[in-house]
Structure formats: C-alpha cells, structure tokens
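Structure first, then comments.
Protein chains: 2
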Amino acid sequence: MSPEAPPFTCPLPVQQYANVVLAHGAGGNLMHRLIDDVFVKVFANPDQEAEHDSAVLECDGVRFAFTTDSYVVHPLFFPGGDIGSLAVYGTVNDLAVSGARPLYLSAGFILEEGLPVETLHRVTQSMQAAAQRAGVTIVTGDTKVVERGKGDGLFINTAGIGMVPEGVSSLPAQVRPGDAVLLNGDVGRHGIAIMAAREGLAFETTIESDLAPLADLVAQLFDAGIEVHCLRDCTRGGLASALNEIAATAGAGITIDEKAIPVLEDVRGACELLGLDPLHVANEGRLVTFVAPGDADRALEVMRRHPLGADATVIGTVTERAAAPVLMKTFGGIRILDMLSGDQLPRIC
Amino acid sequence: MSPEAPPFTCPLPVQQYANVVLAHGAGGNLMHRLIDDVFVKVFANPDQEAEHDSAVLECDGVRFAFTTDSYVVHPLFFPGGDIGSLAVYGTVNDLAVSGARPLYLSAGFILEEGLPVETLHRVTQSMQAAAQRAGVTIVTGDTKVVERGKGDGLFINTAGIGMVPEGVSSLPAQVRPGDAVLLNGDVGRHGIAIMAAREGLAFETTIESDLAPLADLVAQLFDAGIEVHCLRDCTRGGLASALNEIAATAGAGITIDEKAIPVLEDVRGACELLGLDPLHVANEGRLVTFVAPGDADRALEVMRRHPLGADATVIGTVTERAAAPVLMKTFGGIRILDMLSGDQLPRIC
Numbered sequence: 318m319s320p321e322a323p324p325f326t327c328p329l330p331v332q333q334y335a336n337v338v339l340a341h342g343a344g345g346n347l348m349h350r351l352i353d354d355v356f357v358k359v360f361a362n363p364d365q366e367a368e369h370d371s372a373v374l375e376c377d378g379v380r381f382a383f384t385t386d387s388y389v390v391h392p393l394f395f396p397g398g399d400i401g402s403l404a405v406y407g408t409v410n411d412l413a414v415s416g417a418r419p420l421y422l423s424a425g426f427i428l429e430e431g432l433p434v435e436t437l438h439r440v441t442q443s444m445q446a447a448a449q450r451a452g453v454t455i456v457t458g459d460t461k462v463v464e465r466g467k468g469d470g471l472f473i474n475t476a477g478i479g480m481v482p483e484g485v486s487s488l489p490a491q492v493r494p495g496d497a498v499l500l501n502g503d504v505g506r507h508g509i510a511i512m513a514a515r516e517g518l519a520f521e522t523t524i525e526s527d528l529a530p531l532a533d534l535v536a537q538l539f540d541a542g543i544e545v546h547c548l549r550d551c552t553r554g555g556l557a558s559a560l561n562e563i564a565a566t567a568g569a570g571i572t573i574d575e576k577a578i579p580v581l582e583d584v585r586g587a588c589e590l591l592g593l594d595p596l597h598v599a600n601e602g603r604l605v606t607f608v609a610p611g612d613a614d615r616a617l618e619v620m621r622r623h624p625l626g627a628d629a630t631v632i633g634t635v636t637e638r639a640a641a642p643v644l645m646k647t648f649g650g651i652r653i654l655d656m657l658s659g660d661q662l663p664r665i666c
Numbered sequence: 318m319s320p321e322a323p324p325f326t327c328p329l330p331v332q333q334y335a336n337v338v339l340a341h342g343a344g345g346n347l348m349h350r351l352i353d354d355v356f357v358k359v360f361a362n363p364d365q366e367a368e369h370d371s372a373v374l375e376c377d378g379v380r381f382a383f384t385t386d387s388y389v390v391h392p393l394f395f396p397g398g399d400i401g402s403l404a405v406y407g408t409v410n411d412l413a414v415s416g417a418r419p420l421y422l423s424a425g426f427i428l429e430e431g432l433p434v435e436t437l438h439r440v441t442q443s444m445q446a447a448a449q450r451a452g453v454t455i456v457t458g459d460t461k462v463v464e465r466g467k468g469d470g471l472f473i474n475t476a477g478i479g480m481v482p483e484g485v486s487s488l489p490a491q492v493r494p495g496d497a498v499l500l501n502g503d504v505g506r507h508g509i510a511i512m513a514a515r516e517g518l519a520f521e522t523t524i525e526s527d528l529a530p531l532a533d534l535v536a537q538l539f540d541a542g543i544e545v546h547c548l549r550d551c552t553r554g555g556l557a558s559a560l561n562e563i564a565a566t567a568g569a570g571i572t573i574d575e576k577a578i579p580v581l582e583d584v585r586g587a588c589e590l591l592g593l594d595p596l597h598v599a600n601e602g603r604l605v606t607f608v609a610p611g612d613a614d615r616a617l618e619v620m621r622r623h624p625l626g627a628d629a630t631v632i633g634t635v636t637e638r639a640a641a642p643v644l645m646k647t648f649g650g651i652r653i654l655d656m657l658s659g660d661q662l663p664r665i666c
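Quick mapping for you: the protein sequence lines, in order, are chains X and R. Positions in the first sequence are counted from 1; adding 317 to them yields our numbering. Positions in the second sequence are counted from 1; adding 317 to them yields our numbering.
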C-alpha cells in the first residue's frame with residue numbers, strides 16, 4: 318500500500334460550521350480547528366507556541382506549568398472513577414506530561430439546580446481522596462448554580478500548577494527521528510467504560526476506566542536520568558490523536574506496530590460491537606513517552622517497575638517526515654493512522 | 318434601636334436542602350454554608366484558612382496567588398461588558414484584592430451544541446482585549462461541548478496566577494478596630510445592568526455594568542506605601558456581603574454610613590422597582606479597602622487620582638465586635654446590614 322492522503326490537513330474546516338457541534342469537543346480534527354481559529358489565533362502569545370498540555374512559564378527564576386480542563390463527563394459515576402477523581406487526575410496528568418511536579422489545584426463547580434447535595438458530597442470526597450493520592454492540594458474554588466435545564470447536574474473545572482525542575486522539558490519539538498515510542502499499558506478502557514455506563518451496555522466483565530495519576534510514573538523516568546524527549550497523555554481522541562498531534566508539531570513521522578499495543582479482549586469486543594477503533598478511544602491513565610534511542614530499554618524497565626506501567630511496551634519509532642504523520646504496521650501491511658475525525662464518543666471527560 | 322439578632326449565624330443551614338437551589342450560588346448565607354459544608358471541610362488544608370479571594374502560596378521562595386471562577390452570566394452580552402470581559406476582569410480582581418500583580422490566566426470553555434461560532438469569536442476577542450487592558454496573558458485553555466439542552470450557550474472558567482510582592486498582604490484577619498473603610502465608587506450597577514438586559518427592562522438611561530480591572534488601582538495603593546490591611550471586591554452578594562464576610566473573619570464590627578455610599582439615581586430607582594437593596598446587588602468594578610486610621614486621607618487621594626477611583630469615599634470604620642457584624646447609620650438611626658439571604662439575582666456572573 319502506498320498512502321497518498323495529503324498529510325496535516327483537516328477535511329472539516331471549522332468555517333463550514335456556523336454553529337458548534339458535538340465533534341468540536343471530541344478531541345479530533347474539528348476540535349483542533351476550532352481551537353486554532355477561535356482561541357490560539359485570538360489569544361496569540363509566545364508562551365502558547367509550544368502546543369503542549371500545559372503552558373510552561375517562568376517567574377522570578379521559578380519555572381512552573383499551568384493548565385486547565387473542564388469536565389462534563391456523563392454519567393457522573395462510572396466503573397473506575399467519577400467526575401471528581403477524573404477532574405483531579407486529568408489535570409494532574411496534563412501537568413505531569415509537561416514535566417512538572419503537580420502541586421496545587423483550583424476547583425470551579427457549575428451546579429444545576431436540583432442536583433442532590435449528597436451527590437456533590439460524594440464527588441468532593443472523591444476529589445479529596447484523589448488529590449491526596451496524587452500529592453496535590455486543592456487550594457481555591459468557586460461555585461455557580463444554573464437553573465434546572467440549563468446545565469446537566471454538575472460540571473467541574475480544575476486548573477493546576479506544578480513546578481518544572483531545572484533542565485526538564487517534554488516539548489513535542491524535541492522529538493527526533495530514531496526516538497523510541499513507549500506506551501504504559503492497554504488502551505481504550507476509559508471511553509468504553511463511560512459508554513457502557515451511559516448506555517447500560519453489559520459485557521462479560523465490567524470494563525473499568527484506566528483513570529490514574531501519572532505524575533509519579535513520569536517523575537520516576539526523569540529521576541532515573543532517562544533522556545525523555547516528549548510525553549503526552551492519550552485522552553480525547555485516543556492514542557491515535559496523541560501521536561498525530563506530536564508528529565505534526567515535531568514535523569516528523571511516527572511508525573507504530575499494531576500488535577505491540579495492548580488492548581483488553583473485552584475492550585476489543587466492545588469496540589467491534591460499537592464500530593469504534595480502540596486507538597481512537599479516550600484513556601485517562603495512559604501516556605506515550607518519546608525517549609532517545611539508547612534509552613528505550615532502560616525506560617521500559619523503569620516503567621514496568623511502576624504499578625501504572627506494568628504492561629508498558631515499545632510501540633514504535635520516530636522517522637523522518639513521511640507520506641502521513643503516523644503509519645501503523647498491521648497484520649496485512651501498513652496503513653495510515655489518522656487523527657479522530659468527527660464525534661466518536663461525546664462527553665467522556 | 319438595639320439590634321438583637323445573634324451575630325454570625327445562618328438562618329438556612331445547607332442541611333435543610335437535599336438538593337441544590339439557585340440561592341446556593343447567589344453569594345449570600347446559603348452559598349457560604351454550602352461552601353463550608355461541602356468544600357472547605359472536605360478540602361481542608363492550611364492554605365485555605367485565610368478565607369480570601371485567592372490562595373496565597375509559596376514555592377521556591379516566590380509568593381504567588383492562585384484563584385478560579387466560573388462564569389455563567391445570562392445574557393452573554395450586556396451593557397458595559399460580556400461574559401468574556403467578565404471572565405477576565407473577575408479573576409484579575411480576585412487576584413488584585415489578594416495583593417497580587419495578576420500575570421497569567423487559563424480559560425476553560427463549556428459550549429452548548431448549537432452555539433453560533435460567531436458568538437464564540439466575539440467572546441474570545443473581548444477576552445483578549447480585556448486581558449491586554451488588565452496586563453495579563455491567557456496562556457492555556459480547554460474546550461468541551463455538551464448536547465443541546467444540557468448547557469446554556471457558553472460557560473467560561475478562568476483561573477489566574479499573580480505574584481505577591483514581598484511584604485504585601487491583604488488578609489481579612491489584619492483588619493482591626495479603628496481602620497477606615499473606603500469604597501472606590503457607586504454600587505449596584507452590574508447586577509441591575511444584567512437584570513435589565515435579561516428582562517428587557519428599560520430605564521430612563523441605560524445602566525451600564527461597572528465591570529473593570531482593579532489591579533492597577535490596587536497597585537497604586539501599595540506603591541504609595543499606604544498601610545492596607547484588607548481588600549475585597551464587592552461581587553455576588555454586593556457590598557453588604559463583602560463587609561459581613563470580612564467582619565466575621567476578622568472577629569470585628571464594621572459601622573458604615575449609608576449616605577457616604579454612592580448609588581446612581583437610576584440604580585436606586587431600579588432597585589426600588591425590583592424590591593432590591595443596592596447594597597446587596599453585585600458589582601464587578603468595586604472594592605472595599607481597609608486601611609490604617611492615619612492613612613485614610615492619603616488612600617482616598619491615591620484612589621481619586623485613578624480613573625476607577627474618581628468617586629471614592631470613606632464609608633465607615635472598624636469597631637470592636639458588636640451586636641452584629643455590620644451596622645449602618647441611616648437617616649432614621651442604626652440598622653443591622655445583613656449578608657444577602659436567598660437568591661436575589663441568579664446568574665449575574
């Protein structure tokens with residue numbers, strides 16, 4: 318097969334849409350176009366050019382990372398987590414993949430009139446437990462209430478601050494041909510767990526979200542002196558979108574090996590049933606790590622010693638820019654692995 | 318009159334409510350109870366005890382303030398501003414009243430499916446203009462989309478980081494008997510402007526929100542060497558709630574003089590019509606400043622030289638703890654000025 322699709326273009330420019338559609342929030346092509354057109358161009362500033370999960374800033378000689386995410390996951394509680402633990406770990410992970418040690422979180426709540434106070438109690442308790450596990454402190458917050466029918470129970474925003482140790486950087490621009498690409502475990506569980514909970518789907522076993530705080534795993538890599546070039550968590554849009562984003566920013570190609578990517582049998586079955594590609598399904602405890610060629614084995618070893626990296630694998634390597642940003646070796650040959658297009662699973666985070 | 322109401326208690330404990338009601342977001346008693354019961358107790362940590370608009374933290378010898386607010390104002394555009402400029406100035410002001418020089422903002426967007434992309438464009442452009450006016454940079458962001466009917470057009474969360482210069486503090490606990498209480502202008506405009514826009518009310522003139530960034534005004538006070546003890550912006554719950562919060566935290570009394578508080582004629586008229594007390598109506602460009610007794614005149618002078626403090630007045634003084642946290646001298650005598658109770662004006666910020 319000779320891939321011929323023009324690389325780095327979006328088939329669905331945001332300009333074609335007069336109104337916001339669900340796909341604008343799905344983590345794929347359309348979301349990136351919306352962000353580029355409506356946010357990045359308008360909020361243009363030198364700190365933003367890094368295209369990273371957090372902004373890395375410097376103030377009085379201290380380097381810190383700053384990030385934010387709003388959480389609108391539905392349902393609020395799902396196997397393996399809830400909107401509260403998701404709001405903590407999601408933001409902690411965005412800091413971690415920027416090379417930061419997460420320290421402080423803010424929490425903004427938008428409550429819909431009629432939400433049981435008991436639900437809110439459960440969620441804040443879950444947030445506090447998650448914060449303690451991740452070693453961060455929720456230091457400031459805000460509450461707003463909207464009328465019944467103008468929200469959906471509960472939305473949470475968290476912003477996070479972390480310190481970036483001297484010499485640490487994990488920018489996509491550092492990725493170069495020859496780098497090894499590592500993945501810390503199986504993919505597709507979070508999105509499928511949400512979907513199953515939402516639609517009342519029953520599989521042979523309950524699929525649990527992989528939701529987990531990745532900061533300690535990342536710290537282990539840096540502490541071991543691994544030459545880490547880039548980190549990215551594989552959330553909305555899944556592993557495929559994360560790889561495409563990095564390849565585009567780095568101006569490089571990535572070739573991965575399908576059979577090296579762990580996917581649980583149940584997740585694979587659910588994806589077949591739902592017509593989804595597990596590589597496009599969101600994760601909340603998975604990251605791709607790009608390391609210098611000579612450090613791949615040692616990085617794998619460090620990861621596998623950590624509970625959140627026990628199933629880590631080397632899934633591929635970085636190449637020169639190719640016909641498409643990401644190519645995947647499959648049983649039958651090589652295919653282009655595209656970024657998610659459209660709205661596969663709305664409101665998974 | 319001898320005020321006999323027991324001070325510092327809440328007539329409507331949150332436990333009486335199984336479900337969230339609009340008043341839980343209104344800035345008054347009920348919101349404070351919800352915050353205490355569901356957030357502060359659960360997220361207990363040493364940095365939170367200051368009861369301030371931002372958390373003031375220290376990292377590697379650098380002191381910084383961190384704060385967040387979600388904005389659900391309805392309608393999105395109103396005389397004097399829009400949700401975008403509000404989301405920037407509101408958070409800038411929370412940093413400013415903590416004594417910080419605002420530097421960086423994050424922006425999280427929750428879009429309802431169907432929102433015109435054009436509306437989003439207008440809002441982000443307004444945010445960028447506001448950020449430039451306030452001297453802050455929007456460095457990181459996030460976008461989520463919810464289905465039609467599960468949101469209300471557009472909600473925005475901003476979190477902010479500012480540096481706190483050495484020696485600067487504006488904690489309520491520093492307030493002491495004898496302090497002068499200053500206000501930088503007329504009150505009640507923001508809430509009435511929103512209400513009029515929402516309900517299509519027409520008054521003789523269009524009442525414009527007082528929305529403005531207060532960081533420069535605050536910096537002028539500190540730069541002039543004024544002994545500032547406390548600062549608080551008078552947002553949800555209005556001037557009355559801000560004063561009650563500070564009196565409660567400081568364990569002091571505050572006596573203010575009604576006739577020293579500027580209220581525009583149109584605002585007064587609108588409040589009478591709507592059955593509101595202008596001292597309970599939200600502002601977005603007003604702050605109360607507590608200064609050492611000897612610095613009152615000089616502080617007033619500094620404020621009046623600034624465009625956002627041209628109508629500044631001394632509205633009262635701090636006393637020992639009295640029968641009620643806040644007393645107000647009126648034409649007829651002295652009355653208790655309570656914190657807002659219930660939901661006066663939902664979704665004004």
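Quick reminder that beta carbons are idealized off the backbone N, C-alpha and C, glycines included.
Enclosing alpha helix (DSSP H) for residue i [first to last residue]
i, result
"L617/X", "613 to 622"
"R465/X", "Premise fails: R465/X is in no alpha helix (DSSP H) and is neither H nor E."
"G508/X", "506 to 516"
"R439/R", "434 to 451"
Residue-level contact to chain R via CB, residue i, 8 Å cutoff
i, result
"Q442/X", "yes"
"N346/X", "no"
"P489/X", "no"
"S319/X", "The predicted model places S319/X with a pLDDT of 38, which falls under 50 and marks its position as unreliable, so this point remains unresolved."
"Q445/X", "yes"
"H597/X", "no"
"T326/X", "Because the pLDDT of T326/X is 39, which lies under 50, any placement of that residue in the model is unreliable, and the number read from its coordinates should be weighed accordingly. Taking Cβ atoms only, chain R never reaches closer than 8 Å to T326/X, which makes this a no."
"A267/X", "In the structure as shown, chain X starts at 318 and stops at 666, and residue 267/X therefore has no counterpart that could be examined."
"A322/X", "Unreliable placement is indicated for A322/X, whose pLDDT of 35 sits below 50; the coordinate value is still reported in the next sentence. With 8 Å as the cut-off, A322/X does not count as an interface residue toward chain R."
"M480/X", "yes"
"S387/X", "yes"
"F383/X", "yes"
"T454/X", "yes"
Closer than 7 Å: residue i CB and nearest the ligand ATP heavy atom
i, result
"V337/R", "Ligands are entirely absent from the displayed structure, and the ligand ATP is therefore not among its contents."
Any C-beta of chain X under 8 Å from that of residue i
i, result
"R549/R", "no"
"L329/R", "The pLDDT assigned to L329/R is 43, lower than 50, so where the model puts this residue is not dependable, and the model offers no usable value."
"S371/R", "yes"
"A451/R", "no"
"F648/R", "no"
"R664/R", "yes"
"V379/R", "yes"
"L393/R", "no"
"C588/R", "no"
"L374/R", "yes"
"G659/R", "no"
For residue j and residue i, believed in contact at Cβ under 8 Å, the rounded distance
i, j, result
"G289/X", "A447/X", "In this structure chain X extends from 318 to 666, so residue 289/X is not present and cannot be described."
"R615/R", "A541/R", "7 Å"
"A629/X", "L499/X", "6 Å"
"L428/X", "V390/R", "Actually they are not in contact, since the Cβ atoms of L428/X and V390/R sit about 16 Å apart, beyond 8 Å."
"L420/X", "G470/X", "Between G470/X and L420/X the Cβ distance is about 29 Å, and since that is not below 8 Å, they are no contact."
N- and C-terminal bounds of the beta strand (DSSP E) containing residue i
i, result
"L604/X", "604 to 608"
"A640/X", "Where A640/X is concerned, there is no enclosing beta strand (DSSP E), given that its DSSP letter is neither H nor E."
"N474/R", "471 to 480"
"V498/R", "497 to 500"
"R652/R", "650 to 653"
Check: Given a limit of 8 Å on CB to CB distance, which residues of the stretch 405 to 439 of chain X reach chain R?
Finding: Legend: CB atoms of the stretch 405 to 439 of chain X lying less than 8 Å from CB atoms of chain R belong to residues L420, Y421, S423, A424, G425, F426, I427, L428, E429, E430, G431, L432, P433, V434, E435, L437, H438.
Note to self: Ignoring anything shorter than 4 residues, give me the alpha helix (DSSP H) runs that lie fully in the stretch 536 to 602 of chain X, in order along the chain.
What the structure shows: 555 to 567, 582 to 591
Check: Taking the runs of the alpha helix (DSSP H) that are 4 residues or longer, which of them lie wholly in the stretch 337 to 422 of chain X?
Finding: 346 to 351, 400 to 413
Item checked: Near-chain X residues of the stretch 456 to 474 of chain R (beta-carbon distance less than 8 Å), N- to C-terminal order -> V456, T457, G458, D459, T460, K461, V462, V463, E464, G466, K467, G468, D469, F472, N474
Notebook entry, point to check: Which residues, taken in chain order from the stretch 534 to 545 of chain X, show a beta carbon closer than 7 Å to some beta carbon of chain R?
Noted result: none
Check: What residues in the stretch 332 to 343 of chain R bring their beta carbon closer than 7 Å to a beta carbon of chain X?
Finding: Y334, A335, N336, V337, V338, L339, H341, G342
Check: Relative to chain R, which residues along the stretch 614 to 648 of chain X have a C-beta separation below 8 Å, given in chain order?
Finding: none
Check: When Cβ atoms are compared, which residues of the stretch 350 to 365 of chain X fall closer than 7 Å to chain R?
Finding: L351, I352, V355, F356, V359, F360, N362, D364, Q365
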